[in-house]
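**Q** The structure's right below; bear with me while I get my questions together.
Residue numbers (my numbering): 26 to 264.
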């Protein structure tokens with residue numbers, strides 16, 4: 026059995042990339058203007074739906090990130106995991122469930138935080154930067170930044186590599202997470218609505234976690250539902 030967690034607004038109540046960029050732009054006189062633009066563009070970019078102009082803006086902004094900003098963020102967020110989510114992770118591990126993180130954020134901080142929270146770094150897939158010393162020089166190409174590939178591509182790759190044995194449930198707050206379930210790559214989807222509510226369209230084998238207290242119960246319910254992932258295609262939508 027497997028559970029795939031999103032990161033932003035699922036394990037932490039924020040967009041981690043935006044928070045890192047806030048740290049990197051503090052010394053700029055135009056930081057308020059840049060941050061407002063980031064707040065508008067980042068959700069689309071992280072979901073693989075940004076246009077070229079928006080992606081280029083995000084690319085330019087990431088060049089302000091230094092290693093010190095990443096370390097500052099990791100230190101501040103390591104103790105920030107909600108204790109209720111920590112208990113969910115711990116109980117799932119005791120149940121023998123394999124835990125993964127699949128995020129449109131960046132491995133540079135997600136992997137260290139995942140390790141501190143009890144999720145193996147090798148089970149984390151996110152975007153990555155190019156570095157020149159301790160300075161970010163750009164963003165590496167990734168299926169997570171592609172509107173035609175995205176998270177379903179990564180999950181199907183895991184399946185082809187036999188990394189996902191048994192039923193799999195994905196937990197996340199956005200359309201990119203829902204797409205994995207909608208395309209039949211997993212057996213179930215828990216919409217994480219305890220931090221934000223994206224009003225995602227419902228369907229079979231989908232549950233809504235409006236509070237963290239219900240999350241474990243909803244995950245185990247879907248893991249116990251023995252259905253083919255293809256059943257999820259009854260939404261009438263196309264992948």
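Where a beta carbon is used, it is the ideal one built from N, C-alpha and C, also for glycine.
All figures in this text were calculated on a predicted structure; none of them were measured in a lab.
1. Let me check one thing: in DSSP terms, what residues is residue 163 bridge-paired to?
2. If you compare alpha carbons, which of 126, 46, 125 and 64 is closest to residue 96?
3. For residue 27 and residue 189, which I take to be in contact (beta-carbon distance under 8 Å), what is that distance rounded to the nearest angstrom?
4. Check the C-beta distance from residue 37 over to residue 111 and give it rounded, since I have them as a contact under 8 Å.
5. Distance check for residue 49 and residue 269, CA to CA, integer angstroms please.
6. Measure the CB-CB distance between residue 149 and residue 132 and report whether it falls below 8 Å.
7. Pull up the distance between the alpha-carbon of residue 249 and that of residue 176, whole angstroms please.
8. Where do the ends of the alpha helix (DSSP H) carrying residue 110 lie?
9. What first and last residue would you give for the alpha helix (DSSP H) that runs through residue 54?
10. Sorted by chain position, which residues of the same chain lie with C-beta nearer than 8 Å to residue 218's C-beta, five sequence neighbours on each side aside?
11. Determine the DSSP secondary structure at residue 135, reduced to helix, strand or coil.
12. How long is the line joining the alpha carbons of residue 35 and residue 156, rounded to whole angstroms?
13. Let's test the definition: count the other Cβ atoms within 10 Å of the Cβ of residue 152 and tell me whether it reaches 16, buried, or not, exposed.
14. Given a cut-off of 8 Å, decide if residue 210 and residue 181 are closer than it, judged by their beta-carbon atoms.
15. Would you report the Cα separation of residue 115 and residue 137, rounded to the nearest angstrom?
16. What residue from 193, 64 and 43 has the CA that sits closest to residue 122's CA?
17. Quick one: using the 10 Å Cβ neighbour count with 16 as the cut-off for buried, is residue 101 buried or exposed?
**A** Looking at the atomic coordinates:
1. Residue numbering aside, residue 163 sits at position 138 when the chain shown is read from its first letter. According to DSSP, residue 163 bridges with 155.
2. Taking the first residue of the chain shown as position 1, residue 96 is located at position 71. Among 126, 46, 125 and 64, the Cα nearest to that of residue 96 belongs to 46.
3. For the purposes of this step, residue 27 is taken as residue 2 along the chain shown, with counting starting at 1. For the purposes of this step, residue 189 is taken as residue 164 along the chain shown, with counting starting at 1. About 5 Å; that satisfies the 8 Å criterion.
4. For the purposes of this step, residue 37 is taken as residue 12 along the chain shown, with counting starting at 1. For the purposes of this step, residue 111 is taken as residue 86 along the chain shown, with counting starting at 1. 12 Å between Cβ atoms; not a contact.
5. The requested residue 269 is not part of the displayed model; the chain covers only 26 to 264.
6. Taking the first residue of the chain shown as position 1, residue 149 is located at position 124. Taking the first residue of the chain shown as position 1, residue 132 is located at position 107. In this structure, residue 132 lies closer than 8 Å to residue 149 by Cβ.
7. In the chain shown, the residue the question calls residue 249 occupies position 224. In the chain shown, the residue the question calls residue 176 occupies position 151. Computed Cα separation, rounded: 23 Å.
8. The residue you call residue 110 lines up with position 85 of the chain shown. Run containing residue 110: 108-119, per the alpha helix (DSSP H) assignment.
9. One-based indexing of the chain shown puts residue 54 at position 29. From DSSP, residue 54 is part of no alpha helix (DSSP H); its letter is neither H nor E.
10. Against the chain shown, residue 218 aligns to sequence position 193. For residue 218, where only same-chain residues beyond five positions count, the Cβ hits under 8 Å are 198, 233, 234 and 235.
11. For this step, residue 135 is matched to residue 110 along the chain shown. Looking at residue 135 - three-state DSSP - the assignment turns out to be helix.
12. For the purposes of this step, residue 35 is taken as residue 10 along the chain shown, with counting starting at 1. For the purposes of this step, residue 156 is taken as residue 131 along the chain shown, with counting starting at 1. Taking the straight line joining both Cα atoms gives about 27 Å.
13. In the chain shown, the residue the question calls residue 152 occupies position 127. By the 10 Å Cβ count, residue 152 comes out buried.
14. Sequence index remark: in the chain shown, residue 181 carries index 156 (1-based). Sequence index remark: in the chain shown, residue 210 carries index 185 (1-based). Their beta carbons are under 8 Å apart, which means residue 181 touches residue 210 by this criterion.
15. As a working note, residue 115 is residue 90 in the chain shown. As a working note, residue 137 is residue 112 in the chain shown. If you take the alpha carbons of residue 115 and residue 137, they lie about 17 Å apart.
16. Position 97 of the chain shown, counting from 1, holds the residue named residue 122. Checking every option, the nearest Cα to that of residue 122 belongs to 193.
17. Sequence index remark: in the chain shown, residue 101 carries index 76 (1-based). With fewer than 16 Cβ atoms within 10 Å of its Cβ, residue 101 is classed as exposed.
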